[in-house]
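Asks:
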Amino acid sequence: MTSRRYLSVIAGTATLMAAIPLSAVFDQWTWLFQCILTVGLIVGVAILTRSVRAALWVQVLAMCATLLVAVTLIFPSHHEILGIIPSRETFEHFGLLTRQAAEDMRAYGVPVPDRDGLLFVTVLGVGAVAIIVDVVTVSLRRPALAGLPMLAIYSVPVAVLADAVNPLPFIIGAAGFLWLLVADRVDRVRKFGRRFTGDGRDVDVWEPSPLAAAGRRLALVGVLIAIVVPLAIPGMTGGLIDRVGGNGSGNGLGDGSRGGGTRSVDLFAELSGRLNQNTTQVLATVSTDDPNPYYLRLGVADEINPRGFRNRAPSGRAVTRGLPDPRENARNDVVYREHRATIKITRDFDMPYLPVYAEPVRTEKLDSSWFYDPNTTSIFSGRSRSKNRTYSFQFVRSEYSVDALRSAPSLPPDDPNRRFALGASGVREVDELVERLTNGKTNQYDRVRAIFDYFSLENGFTYSLQTQPGTSAQAIVNFLQKKRGFCEQYAAAMAWLVRAAGIPARVAFGFTRGTSSSENAYTLTNRNLHAWTEVYFAGFGWVPFDATPPAGVVGSAPVAWALPPGTPPEEINPSGPLPGSTAEPGVNGPQDPSRRGPEDPNAANPGGLGIRPSATNWPWWALAGTLVILTLLTMPAVVRVLARRRRRAATSADPGARVEAAMAEDPLPGEVRVVVADAAADMARRDAHAAWDELVDTLVDFRVRVDPAETPRSTAERLAAEERLTGKAAESVRLLGYAEERARYARTPLFVAELVGALRAVRRALADRASRRTRLAAVLMPRSVLFRWRASIEDRSTSVAAAIVSWREALLRLSPRRLLAARMR
Numbered sequence: 004m005t006s007r008r009y010l011s012v013i014a015g016t017a018t019l020m021a022a023i024p025l026s027a028v029f030d031q032w033t034w035l036f037q038c039i040l041t042v043g044l045i046v047g048v049a050i051l052t053r054s055v056r057a058a059l060w061v062q063v064l065a066m067c068a069t070l071l072v073a074v075t076l077i078f079p080s081h082h083e084i085l086g087i088i089p090s091r092e093t094f095e096h097f098g099l100l101t102r103q104a105a106e107d108m109r110a111y112g113v114p115v116p117d118r119d120g121l122l123f124v125t126v127l128g129v130g131a132v133a134i135i136v137d138v139v140t141v142s143l144r145r146p147a148l149a150g151l152p153m154l155a156i157y158s159v160p161v162a163v164l165a166d167a168v169n170p171l172p173f174i175i176g177a178a179g180f181l182w183l184l185v186a187d188r189v190d191r192v193r194k195f196g197r198r199f200t201g202d203g204r205d206v207d208v209w210e211p212s213p214l215a216a217a218g219r220r221l222a223l224v225g226v227l228i229a230i231v232v233p234l235a236i237p238g239m240t241g242g243l244i245d246r247v248g249g250n251g252s253g254n255g256l257g258d259g260s261r262g263g264g265t266r267s268v269d270l271f272a273e274l275s276g277r278l279n280q281n282t283t284q285v286l287a288t289v290s291t292d293d294p295n296p297y298y299l300r301l302g303v304a305d306e307i308n309p310r311g312f313r314n315r316a317p318s319g320r321a322v323t324r325g326l327p328d329p330r331e332n333a334r335n336d337v338v339y340r341e342h343r344a345t346i347k348i349t350r351d352f353d354m355p356y357l358p359v360y361a362e363p364v365r366t367e368k369l370d371s372s373w374f375y376d377p378n379t380t381s382i383f384s385g386r387s388r389s390k391n392r393t394y395s396f397q398f399v400r401s402e403y404s405v406d407a408l409r410s411a412p413s414l415p416p417d418d419p420n421r422r423f424a425l426g427a428s429g430v431r432e433v434d435e436l437v438e439r440l441t442n443g444k445t446n447q448y449d450r451v452r453a454i455f456d457y458f459s460l461e462n463g464f465t466y467s468l469q470t471q472p473g474t475s476a477q478a479i480v481n482f483l484q485k486k487r488g489f490c491e492q493y494a495a496a497m498a499w500l501v502r503a504a505g506i507p508a509r510v511a512f513g514f515t516r517g518t519s520s521s522e523n524a525y526t527l528t529n530r531n532l533h534a535w536t537e538v539y540f541a542g543f544g545w546v547p548f549d550a551t552p553p554a555g556v557v558g559s560a561p562v563a564w565a566l567p568p569g570t571p572p573e574e575i576n577p578s579g580p581l582p583g584s585t586a587e588p589g590v591n592g593p594q595d596p597s598r599r600g601p602e603d604p605n606a607a608n609p610g611g612l613g614i615r616p617s618a619t620n621w622p623w624w625a626l627a628g629t630l631v632i633l634t635l636l637t638m639p640a641v642v643r644v645l646a647r648r649r650r651r652a653a654t655s656a657d658p659g660a661r662v663e664a665a666m667a668e669d670p671l672p673g674e675v676r677v678v679v680a681d682a683a684a685d686m687a688r689r690d691a692h693a694a695w696d697e698l699v700d701t702l703v704d705f706r707v708r709v710d711p712a713e714t715p716r717s718t719a720e721r722l723a724a725e726e727r728l729t730g731k732a733a734e735s736v737r738l739l740g741y742a743e744e745r746a747r748y749a750r751t752p753l754f755v756a757e758l759v760g761a762l763r764a765v766r767r768a769l770a771d772r773a774s775r776r777t778r779l780a781a782v783l784m785p786r787s788v789l790f791r792w793r794a795s796i797e798d799r800s801t802s803v804a805a806a807i808v809s810w811r812e813a814l815l816r817l818s819p820r821r822l823l824a825a826r827m828r
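In structure tokens:
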């Protein structure tokens, strides 16, 4: 294997090693296998193009085309030509995947699932970095610059992970970069010959010399310092042990002793991201015998810190081992009704959680990879996903009366749920508001109800998605002052206020009842994703309260103990639609326009979801980008055509005739015309030089050898012999050589008007003898132009490097050490 092929393999491997930190972003390793396939194809094409000594632009174009084919094979639209050639539908599919990736970035917390959009962007990005690293390392021989695109990959997990980044992937990426540098240095040394030690002993090319060994030791020490120092300084890391351990708080797996766990998904980000999507996606369909179903639950956020509420990683035991039944500790003042539901998840809802109604007691079609957390009443998995899954379950629906909740006893001091009442005090505005709202309330329900009634349209609260999401103390205060937000902010604000009143509360996530598609069947879309508050009552458990205005929630289902303010209790129909429900007319009850606030900006949009028209500008951007690329690709051909026309115009007329025509023109008033005797001779020389330059460029374009040391006549004779030119072509090339020779060396040049015809005859003869590929390259990518551009770039880069060196030397002259040394002399 030649050195350049070897470096290509190392460059591709180093790119994959630099991408290992992305393992902290993805939940599975699918992205890595796809990246290995893509980078392997790119490296293979790079080696192939260099083996045939293709130009640099050909290598880059071939690698880019390989990347396009690779992503087409991995993410097909099933409309490709011959299965691998992208079509218009393929690029539309790529645009759809890009938009999906942008939406998933807002919706999912790390680690993210294997969504096609995120995988597409990752594979495309890693493939592009592999191309840059290969070109910079192998073609430009600047491996140190390859660290910049490799660093760009590593910056992704650093930017998205809130906690400390695991140092092991960083070590792997750094080792790949150091390997790349060492391989390039060794290859450069190998080109100079054999190496020897100080005592004259021959050293093998891979045996470490003292200088190389010292460099590797310094690199190793530098990497270790970069990892160890942040661990030794407090505040610089979120804790290495928490990242690599298995029982971290919300970042790793759950308590293994309890039989299961899953990585945490940011449910707040999932909710806000999907609500802000421009399109409506069907996520699930539900059939149930419950005539008035409530909300489906996914999980809860019950931990609070200065940044707001967050959901913990759940833990529990397998659903196949049975679920607890709330009727085992039944109360006389609670009505329990058992129902059955079947849910079918679509491919657009891919999470480690399954939506279920509260208090499931049995499940069907779920294996032991799914677990049940009794504390959050959620079903989750550490290795399975909800996408394309169908399952059934029995559940118990508990119905409370207002009088029953008023009779709930105080929470015992040793109740473990008391901890969910902590962490919300200390905010002056919140404490003052809670004190004012709960003043004089003698039981827990009345205090909670007073807080619930505060979030009403009568108090100026409106539903709007055009707000900044957030659940921190500052975000809650801003929401309470501006009184504009969506379900996430209503649920978090009420839970914060209830906790400030000393009552356990948390935020629940899930779906509203959805839109009825047939009898006892409902369709759930991303518009039905919702958040609400749950308050803990001793003896009753977690009781839901939905503070979001019903007019802003598609499929809202108020309950008897938490009706919107002003609803008479006698209007409640437990077996039918509840007042305030915002399901579509004729489905779950009519909409009530009077409940929408006059200042609601979504008044013209049913459901208050702020849906914006779907933007379709990306085809125009793709067309503009294609035009720009085509323009850049055709520039060499355009430059070549303009140069040929300019030279043709210079040699299209007899020099003597042009001089006589210029002298025959009447001079302008006041113009003094000086006639030089040898003006025609100078013009003839310029014409001969222009014709010869055009001939040389033509030879370069058709890959014919040009020897600058030959005389024009020798070059002409050699061309006529080597290219087997006969007839007019041989006479033409000899005429061009003779004209250039006379122009260079003779006192009197050759006055001839046949240079243009001679050039055409020679070019036609060379084209007839060249291959189709050579003719195409001579027209589209003429080597004469590319070589001239490359020489110009090298000259300019050399000038810039020389200027930098001169500036550096000028600064070194001002060094205090040099100044002191000069003064001491």
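Counting in our numbering, the sequence shown runs from 4 upward without gaps.
Beta carbons are placed, not taken as given, at the ideal position from N, Cα and C, and that holds for glycine.
Note that the structure is a prediction, hence the values are computed from the model and not measured.
1) On the DSSP bridge assignment, give the partners of V510 in chain order.
2) Candidates E713, R727, T751: which alpha carbon is nearest G740's?
3) Rounded to whole angstroms, how far is the Cβ of V289 from the Cβ of Y525, which I believe are closer than 8 Å?
4) Is it right to say S467 is buried, meaning 16 or more other beta carbons lie within 10 angstroms of its own, or is it exposed?
5) Compare the beta carbon distance of V136 and P160 with 8 Å and say whether it is the shorter of the two.
6) Could you name the residues that DSSP lists as bridge partners for G544?
7) Which word fits Y855, buried or exposed, when buried means at least 16 other C-beta atoms lie within 10 angstroms of its C-beta?
8) Please state the DSSP three-state secondary structure of Q31.
9) Determine, using beta carbons only, whether T291 and N523 come nearer to each other than 8 Å.
10) If we ignore side chains and look at the alpha-carbon of each, how far apart do F489 and R450 end up?
11) Could you tell me which residues DSSP puts in a beta bridge with S342?
12) Around the Cβ of L728, are there at least 16 other Cβ atoms within 10 angstroms (buried) or fewer (exposed)?
13) What is the DSSP secondary structure of T518, reduced to helix, strand or coil?
14) Cα separation between R775 and V707?
15) For W373, which residues does DSSP report across the bridge?
16) Inspect the CB distances between the segment 499-509 and the segment 445-462 and report whether three or more fall short of 8 Å.
17) May I ask you to verify whether the segment 331-340 touches the segment 300-309, counting CB pairs closer than 8 Å and requiring at least 3?
18) Kindly identify the DSSP beta-bridge partner or partners of E367.
19) Which residues does DSSP list as the beta-bridge partners of R487?
20) Hey, would you say S735 sits closer than 8 Å to A693, going by beta carbons?
21) Rounding to the nearest angstrom, what Cα-Cα distance links E697 and V709 in this structure?
22) Output the boundary residues of the beta strand (DSSP E) element that contains L286.
23) Specify, as a first and last residue, the run of the beta strand (DSSP E) that F455 falls within.
24) Just mark I87 as buried or exposed, buried being the case when its beta carbon has 16 or more other beta carbons within 10 Å.
25) According to DSSP, V2 sits in a beta bridge with which residue or residues?
26) Between which residues of its own chain and F464 is the CB-CB distance below 6 Å, once the five residues before and five after are set aside?
27) Which of the three DSSP states is assigned to L527 in this structure?
28) Can you say whether S372 is buried or exposed, counting buried as having 16 or more other CB atoms within 10 angstroms of its CB?
29) Assuming S389 and D417 form a contact by the criterion Cβ under 8 Å, report the distance between their Cβ atoms to the nearest whole angstrom.
30) Looking at G120 and A840, is the spacing between their C-beta atoms short of 8 Å?
31) Tell me which residue opens and which closes the alpha helix (DSSP H) that R766 is part of.
32) May I ask you to verify whether the segment 83-100 touches the segment 27-39, counting CB pairs closer than 8 Å and requiring at least 3?
33) Quick check: the Cα distance between I84 and F123, rounded to an integer number of angstroms?
34) Using CA coordinates, which residue listed in A805, L779, D681 is at the minimum distance from L753?
35) If you follow the beta strand (DSSP E) that G426 is part of, which residue opens it and which one closes it?
36) Considering just the uninterrupted stretch of the alpha helix (DSSP H) at R431, what are its terminal residues?
Replies: Per the coordinate set shown:
1) Position 507 of the sequence shown, counting from 1, holds the residue named residue 510. Its beta-bridge partners are A304, T536.
2) Numbered from 1 along the sequence shown, position 737 holds the residue referred to as residue 740. If we check each option's Cα against that of G740, E713 comes out closest.
3) Numbered from 1 along the sequence shown, position 286 holds the residue referred to as residue 289. Numbered from 1 along the sequence shown, position 522 holds the residue referred to as residue 525. Separation of the CB atoms of V289 and Y525 is rounded to 5 Å, and the pair is thereby assigned contact status at 8 Å.
4) Translated into the one-based positions of the sequence shown, residue 467 becomes position 464. Counting C-beta atoms within 10 angstroms of its own C-beta, S467 has 16 or more neighbours from the protein chains shown and is therefore classed as buried.
5) The count along the sequence shown starts at 1 and reaches residue 136 at position 133. The count along the sequence shown starts at 1 and reaches residue 160 at position 157. No, these two residues do not count as a Cβ contact at 8 Å.
6) The count along the sequence shown starts at 1 and reaches residue 544 at position 541. G544 is bridged to F540.
7) Residue 855 lies beyond the residue range present for the chain, which begins at 4 and ends at 828; the question has no answer from this structure.
8) Against the sequence shown, residue 31 aligns to sequence position 28. Note: Q31 maps to coil in three-state DSSP.
9) Taking the first residue of the sequence shown as 1, we reach residue 291 at position 288. Taking the first residue of the sequence shown as 1, we reach residue 523 at position 520. A contact, by the Cβ cut-off of 8 Å.
10) As a position in the sequence shown, residue 489 is number 486, starting the count at 1. As a position in the sequence shown, residue 450 is number 447, starting the count at 1. So the two alpha carbons sit approximately 23 Å from each other.
11) Taking the first residue of the sequence shown as position 1, residue 342 is located at position 339. In the sequence under discussion, the amino acid at residue 342 is His, which differs from the Ser named in the question. DSSP output for H342 lists F398 as bridge partner(s).
12) Position 725 of the sequence shown, counted from the first residue, corresponds to residue 728. Buried, since its Cβ has 16 or more Cβ neighbours within 10 Å.
13) By one-based count along the sequence shown, residue 518 stands at place 515. Residue state, collapsed to three classes: strand.
14) In the sequence shown, the residue the question calls residue 775 occupies position 772. In the sequence shown, the residue the question calls residue 707 occupies position 704. Rounded to whole angstroms, R775 to V707 spans 15 Å at the Cα level.
15) Along the sequence shown, one-based indexing puts residue 373 at 370. Answer by DSSP bridge pairing, in chain order: S384.
16) In short, these stretches touch, since the Cβ pair count reaches three.
17) no
18) On the sequence shown, position 364 is the one that residue 367 refers to. Residue pairing for E367: DSSP places it in a beta bridge opposite S395.
19) Indexing the sequence shown from 1 puts residue 487 at position 484. DSSP lists T465 as partners of R487.
20) By 1-based counting over the sequence shown, the position of residue 735 is 732. By 1-based counting over the sequence shown, the position of residue 693 is 690. The answer is no: Cβ separation not under 8 Å.
21) As a first step, residue 697 must be located in the sequence shown, where it is residue number 694. As a first step, residue 709 must be located in the sequence shown, where it is residue number 706. Taking the straight line from one Cα to the other gives about 13 Å.
22) Residue 286 sits at position 283 when you count from the first residue of the sequence shown. L286 -> beta strand (DSSP E) spans 285-291.
23) As a working mapping, residue 455 is identified with position 452 in the sequence shown. No beta strand (DSSP E) holds F455; the alpha helix (DSSP H) holding it covers 447-457.
24) The residue you call residue 87 lines up with position 84 of the sequence shown. Classification of I87: exposed, given that the 10 Å Cβ count is below 16.
25) For the chain, the structure presents residues 4 to 828; residue 2 sits outside this window and is missing.
26) Translated into positions along the sequence shown, residue 464 becomes position 461. Excluding sequence neighbours, F464 sits near F458, K486.
27) As a first step, residue 527 is located in the sequence shown; it is residue number 524 there, counting from the start. Residue state, collapsed to three classes: strand.
28) Within the sequence shown, residue 372 is the residue found at index 369, counting from 1. By the 10 Å Cβ count, S372 comes out exposed.
29) For the purposes of this step, residue 389 is taken as the residue at position 386 of the sequence shown. For the purposes of this step, residue 417 is taken as the residue at position 414 of the sequence shown. Incorrect: roughly 37 Å between the Cβ atoms, too far for contact.
30) In this structure the chain extends from 4 to 828, so residue 840 is not present and cannot be described.
31) Taking the sequence shown and counting its residues from 1, one reaches residue 766 at position 763. Unbroken alpha helix (DSSP H) run through R766: 758-772.
32) no
33) Residue mapping note: residue 84 aligns to position 81 of the sequence shown, counting from 1. Residue mapping note: residue 123 aligns to position 120 of the sequence shown, counting from 1. I84 and F123: Cα-Cα distance of roughly 20 Å.
34) Within the sequence shown, residue 753 is the residue found at index 750, counting from 1. Nearest of A805, L779, D681 to L753, Cα basis: D681.
35) Taking the sequence shown and counting its residues from 1, one reaches residue 426 at position 423. Premise fails: G426 is in no beta strand (DSSP E) and is neither H nor E.
36) Taking the sequence shown and counting its residues from 1, the one referred to as residue 431 is at position 428. DSSP places R431 in the uninterrupted alpha helix (DSSP H) bounded by 431-441.
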